[in-house]
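Visitor: The structure is given below, and queries will be raised subsequently.
In this note's numbering, the protein residues as written are 132 to 286.
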């Protein structure tokens, strides 16, 4: 076997990148950015296909939304570096943000419980308990996605 020849096994074949990336606390930013860039390189024949990056609902102290924003900004910057300026490819990625939340626990109903909860919070003895868990979804695409701007929660 020549030094130029390489052997590739089935386990070494690269799987096509999926169109969704979940950002976690323990993952590496460089892997997510590489996966996103690979997605846009492979999907050059289908430029309408969007890439969605999202977090999972979590407590505010454990939120991965700041990591998601970092990954998106790095991905957009690195994507621009891959464009061929001599051909006139200067269009970056279109970004659609959705900030959502999930209910974690019961909100006090009208009446006695609600009044006592408000009184306790205003007294300052205890901090109000967080009942909503925020999460975010960012969609990146080479072309404008029709109908995304009309959605209520999309910016």
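Yeah, the Cβ is synthetic: ideal placement off N, Cα and C, and Gly gets one too. The structure presented is a predicted model; accordingly, all values stated were derived computationally and were not measured.
With a threshold of 6 Å on Cβ separation, who are the neighbours of residue 186 within its own chain once the five nearest residues in sequence on each side are excluded?
Guide: Taken in chain order, the residues that qualify are 154, 195, 196, 199, 266 and 267.
Visitor: How is the alpha helix (DSSP H) around residue 172 delimited, first residue to last?
Guide: Where residue 172 is concerned, the enclosing alpha helix (DSSP H) stretches over 160-173.
Visitor: Roughly how many whole angstroms lie between the Cα atoms of residue 211 and residue 249?
Guide: Taking the straight line joining both Cα atoms gives about 50 Å.
Visitor: Can you say whether residue 223 is buried or exposed, counting buried as having 16 or more other CB atoms within 10 angstroms of its CB?
Guide: Counting Cβ neighbours within 10 Å, residue 223 comes out exposed, since fewer than 16 surround it.
Visitor: Where does residue 203 fall in DSSP's three states?
Guide: Here residue 203 sits in helix by DSSP.
Visitor: How far does the beta strand (DSSP E) with residue 277 in it extend, from its first residue to its last?
Guide: Residue 277 -> no beta strand (DSSP E), and no H or E assigned at all.
Visitor: Enumerate in chain order the residues of its own chain whose CB-to-CB distance from residue 274 is below 8 Å, with the five nearest sequence positions on each side excluded.
Guide: Within the same chain, residue 274 has close Cβ partners 178, 179 and 225.
Visitor: Apart from the five residues just before and just after residue 205, which ones in its own chain have a Cβ nearer than 6 Å to its Cβ?
Guide: Closer than 6 Å at Cβ, skipping near neighbours: 164.
Visitor: How is the beta strand (DSSP E) around residue 269 delimited, first residue to last?
Guide: Start and end: 263-272.
Visitor: Tell me the residue span of the beta strand (DSSP E) that contains residue 152.
Guide: Unbroken beta strand (DSSP E) run through residue 152: 151-153.
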